[in-house]
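Engineer: Quick one: structure below, then a few questions.
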Amino acid sequence: METIDTLQGHSWQSNGTDKKGIRGFIILYKASRLFCRTSMAQPLFRTPKGTNDTLPAYHQYMTYIKKAVRHRARQAGFKRIDTPTFEYRAIFERGIGEHTDMVEKELYLVSTKETSDEEADLSLRPELTAGICRAYIEHGMQQLPQPVQFYAIGPVFRHDRPQKGRYREHYQFDFEIIGLKDPSLDAQLIHLLTKIYNDIRILKNLRLQINNIGTGENRLVYIEALKEFFIGKERNLPPIDQGRLQTNPLRLLDSKEEDTQIIIKGAPKLAQFVDDDSRQYHDTLCSYLSALNIPYEDNPHLVRGLDYYTQTVFEFWDRSAGAQNAVGGGGRYDGLIELLGGHPTPGTGFASGMERVIWQMKEAGVKVPQKDQVDIFVAQLGPDAKKKCLTLIAHLRDKGIHTIGALGEASLKSQMRLADKFDATYALLIGKMEVKRQTIIVRNMKEGKQEEIPEDQAIERVIKLLGEGSLDTYTHRDQMTPEFDQD
Ligand code: HAM
């Protein structure tokens with residue numbers, strides 16, 4: 002039976018065949034039919050498998066994380082970059098590696114009804130690093146003072162088997178430092194990520210794993226040694242790993258196949274092939290992490306699944322779940338820019354999946370500020386009252402008061418019921434009498450108490466009741482450098 006967990010916390014199952022499952026399904030089905038008949042239509046379409054709608058309550062978490070990301074990025078001199086959600090597929094094939102899972106199995110190819118030859122080579126991005134490196138080359142950024150520091154936030158697409166924390170579209174925040182190589186840069190990046198995790202209060206549930214996988218040359222020698230080790234043992238490997246032995250023998254290291262896992266125990270270890278420079282680099286990086294008071298675990302088995310990594314690799318794991326569903330990860334990619342046609346240029350970076358971060362926040366009981374609360378619900382009766390309400394609503398909003406209004410023809414009683422449902426703090430009522438008397442009724446929705454005041458005092462009164470501190474206004478700084486939470 003396939004269970005797919007959705008972001009909103011529900012899970013649904015398909016292909017259930019056991020009796021309990023069927024009985025449960027019938028009850029659920031009847032209940033849903035009843036519900037549909039009384040309140041809503043059965044949806045004709047659903048989100049594609051492995052994708053999610055980001056509903057408003059979930060957005061509160063997204064916004065909270067993005068704020069922490071942007072704040073830490075500004076502090077450390079990272080600039081925002083956005084690259085297209087689709088790119089020439091060769092960028093990913095060359096960069097990430099033709100025989101990695103991400104390219105071999107998970108790439109979404111883009112086509113149109115009349116696809117030209119050029120367009121036939123496009124694919125949705127499965128990650129952000131390769132596109133950012135392409136942009137670095139394309140815009141001649143090697144002419145800028147180095148290193149160039151970027152951050153990006155956006156969706157990526159992988160045709161993975163959907164399960165908890167593994168989606169076909171997910172959001173990442175991503176940081177890259179390009180153009181200079183020094184272990185202090187890797188240390189700064191890791192420090193920055195720990196700061197973000199600390200800001201959103203999940204750091205204590207994570208543990209940092211770190212390794213040095215050596216240079217590209219080290220790995221080539223290691224691959225030869227692996228191939229030699231498997232001579233005469235190929236027939237004992239399952240077919241899938243026999244194929245991998247030909248195309249990408251490193252993938253045998255994290256194979257899920259039991260037979261492979263047994264054989265691989267006797268194979269040479271990558272650590273034996275890492276050169277002295279890389280070892281030295283790693284020791285220096287670890288000493289910097291200690292100086293920054295960042296706890297880490299040296300993990301010689303950590304390799305990560307992308308071909309572009311050289312030397313440093315790291316991941317943040319959930320304390321209890323381990324390698325499964327890493328919350329964030331990255332490493333050094335000193336050969337990537339050259340592979341994509343640029344001058345030899347070092348780089349290092351990381352990405353973290355927003356959905357996994359939010360899961361961690363929920364697990365840790367982190368509450369995020371609810372900024373969509375309704376302060377005022379404006380209710381009216383009659384055409385003159387409606388006209389007054391329109392301008393009143395506009396003025397209230399201008400003052401930074403979250404205001405909604407029922408401008409339909411419903412009775413005052415049903416408008417009050419609506420105000421209750423929207424959880425408004427206060428309601429302002431203008432009926433025919435109030436229009437005549439040029440007054441407004443201010444009703445405290447929680448206490449049910451109300452007062453009638455002159456209409457020209459309404460805004461002042463509401464601000465006093467809500468408190469100046471709760472007004473949602475642009476600050477001077479915001480106006481000079483507008484930032485939007487929505488993207
Ligand atoms: P990655 O480890 O493939 O690295 O992905 C980064 C993060 O994205 C993971 O740690 C995880 O939180 C999240 N993630 C990955 N796959 C999924 C999925 N199917 N569903 C939900 N979340 C997922 C990269 O993407 C590299 N580009 C990181 C990097 C940047 N290396 C250097 N610079």
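Each position in the sequence shown, counted from 1, maps to that position plus 1 in this note's numbering.
All residues carry an ideal CB built from backbone N, CA and C; glycine is no exception.
Please read all numbers here as calculations on a predicted model, not as lab measurements.
(1) Where do the ends of the alpha helix (DSSP H) carrying Phe231 lie?
(2) Is any non-hydrogen atom of ligand 1 found closer than 8 Å to the C-beta of Phe351, if you look at the structure I gave you?
(3) Can you find the residues in the same chain that come closer than 8 Å, C-beta to C-beta, to Leu337, ignoring five residues on each side of it along the sequence?
(4) How long is the line joining the alpha carbons of Gln210 and Leu123, rounded to whole angstroms?
(5) Counting along the chain, where does the alpha helix (DSSP H) carrying Val358 start and finish?
(6) From Leu307 to His100, what distance separates their C-alpha atoms?
(7) Excluding the 5 residues flanking Met446 on each side, which residues of the same chain have their C-beta closer than 7 Å to its C-beta?
(8) When the distance is taken between beta carbons, is Gly51 closer than 9 Å to Glu128?
(9) Which of the three DSSP states, helix, strand or coil, is assigned to Lys387?
(10) If you reduce the DSSP assignment to three classes, tell me which class Pro184 lands in.
(11) Using three-state DSSP, classify Leu204 as helix, strand or coil.
(12) Once DSSP output is grouped into helix, strand and coil, what is the label at Thr349?
(13) Buried or exposed, going by whether 16 or more other CB atoms sit within 10 Å of the CB of Leu45?
(14) Would you identify the three-state DSSP class for Ile179, choosing helix, strand or coil?
(15) Please go through the same chain and pick out, in chain order, the residues whose beta-carbon is closer than 7 Å to the beta-carbon of Asn300, but skip the five residues on each side of it.
(16) Determine the direct distance from the alpha carbon of Ala74 to that of Thr195, and round the result to whole angstroms.
(17) Express the C-alpha separation of Val358 and Ile66 in angstroms, rounding to a whole number.
(18) For a test of your reading of the model: does the CB of Asp161 fall under 8 Å from any non-hydrogen atom of ligand 1? Yes or no.
(19) Measuring straight from C-alpha to C-alpha, what distance separates Val314 and Leu303?
(20) Taking the alpha-carbon of Phe378 as reference, which of Ile179, Ala327, Leu186 and Arg444 has the nearest alpha-carbon?
(21) Fully enclosed by the region 396 to 470, which alpha helix (DSSP H) runs are 4 residues long or longer?
(22) Between Ala386 and Val436, which are expected to be in contact by the criterion C-beta below 8 Å, what is the C-beta distance as a whole number of angstroms?
(23) Taking all protein chains shown into account, do 16 or more other C-beta atoms lie within 10 angstroms of the C-beta of Val222, making it buried, or fewer, making it exposed?
(24) With a threshold of 16 other CB atoms inside 10 Å of the CB of Thr440, please say whether the residue is buried or exposed.
(25) Can you tell which of Asn237, Gln247 and Leu472 has the C-alpha that lies nearest to the C-alpha of Glu225?
(26) Short check: CB of Gly331 to CB of Gly350, under 9 Å?
(27) Could you tell me the alpha carbon to alpha carbon distance between Ile179 and Cys287, rounded to whole angstroms?
(28) Any contact of the region 382 to 400 with the region 454 to 471, i.e. 3+ C-beta pairs under 8 Å?
(29) Grouping DSSP H, G and I as helix and E and B as strand, with all else coil, what is Gln173?
(30) Quick test of your reading: Asp161 and Glu94, contact by CB under 8 Å. State the CB separation rounded to the nearest angstrom.
(31) Would you give the residue range spanned by the beta strand (DSSP E) that Gln150 belongs to?
(32) For Leu408, which residues of its own chain have a beta-carbon under 8 Å away from its beta-carbon, when the five flanking residues on both sides are left out?
(33) Should Glu356 go down as buried or exposed, given a rule of 16 or more other Cβ atoms within 10 Å for buried?
(34) Quick one, which of Pro184, Gln144 and Asp242 has its alpha-carbon nearest His344's?
(35) Straight-line CA distance for Pro85 to Glu410?
(36) Check for me: the beta strand (DSSP E) holding Gln381 runs from which residue to which?
Structural biologist: Quick look at the numbers:
(1) Unbroken alpha helix (DSSP H) run through Phe231: Gly217 to Phe231.
(2) Phe351: yes, Cβ under 8 Å from ligand 1.
(3) Here Leu337 has Gly96, Thr130, Ala131, Cys134, Tyr309 and Gly348 as same chain residues with Cβ atoms under 8 Å from its own Cβ, once five neighbours each way along the sequence are excluded.
(4) C-alpha separation (whole angstroms): 34 Å.
(5) According to the DSSP assignment, Val358 belongs to the alpha helix (DSSP H) that extends over Met355 to Glu364.
(6) Straight through space, the alpha carbons of His100 and Leu307 are spaced by roughly 10 Å.
(7) Answer for Met446: Ala420, Asp421, Ala425, Thr426, Tyr427 and Ala428, listed in chain order.
(8) The criterion of a C-beta distance shorter than 9 Å is not satisfied by Glu128 and Gly51.
(9) If DSSP states are grouped into helix, strand and coil, Lys387 belongs with the helices.
(10) Helix.
(11) The answer is helix: DSSP assigns Leu204 an H, G or I state.
(12) Looking at Thr349 - three-state DSSP - the assignment turns out to be strand.
(13) By the neighbour-count rule (16 or more Cβ atoms within 10 Å), Leu45 is not buried but exposed.
(14) Strand, per DSSP.
(15) Shown here for Asn300: same chain residues with a beta carbon closer than 7 Å to its own, the five before and five after excluded, namely Gln210, Ile211 and Asn212 in chain order.
(16) If you take the alpha carbons of Thr195 and Ala74, they lie about 13 Å apart.
(17) About 9 Å.
(18) Yes, Cβ of Asp161 sits closer than 8 Å to a heavy atom of ligand 1.
(19) Cα-Cα distance, rounded: 7 Å.
(20) It is Arg444 whose Cα lies nearest to the Cα of Phe378.
(21) The alpha helix (DSSP H) runs of length 4 or more contained entirely in the region 396 to 470 are, from start to end of the chain, 413 to 422, 433 to 438 and 459 to 467.
(22) With 8 Å as the limit, Ala386 and Val436 qualify as a contact, their Cβ atoms being about 5 Å apart.
(23) Residue environment: Val222 is assigned as exposed (fewer than 16 neighbouring CB atoms within 10 Å of its CB, all protein chains considered).
(24) Buried.
(25) Answer by Cα proximity: Gln247.
(26) Taking 9 Å as the Cβ cut-off, Gly331 and Gly350 qualify as a contacting pair.
(27) Going by the C-alpha atoms only, they are around 21 Å apart.
(28) The region 382 to 400 makes contact with the region 454 to 471, as at least three CB pairs between them are under 8 Å.
(29) Judged by DSSP in its simplified three-state form, Gln173 adopts strand.
(30) Asp161 to Glu94, Cβ: 18 Å. No contact.
(31) Counting along the chain, the beta strand (DSSP E) containing Gln150 begins and ends at Val149 to Phe158.
(32) Excluding residues within five positions, the ones whose Cβ falls inside 8 Å are Gln381, Lys387, Cys390 and Leu391.
(33) Buried: at least 16 other Cβ atoms inside 10 Å.
(34) Answer by Cα proximity: Gln144.
(35) For Pro85 and Glu410, the gap between their C-alpha atoms comes out near 46 Å.
(36) Where Gln381 is concerned, the enclosing beta strand (DSSP E) starts and stops at Ile377 to Gln381.
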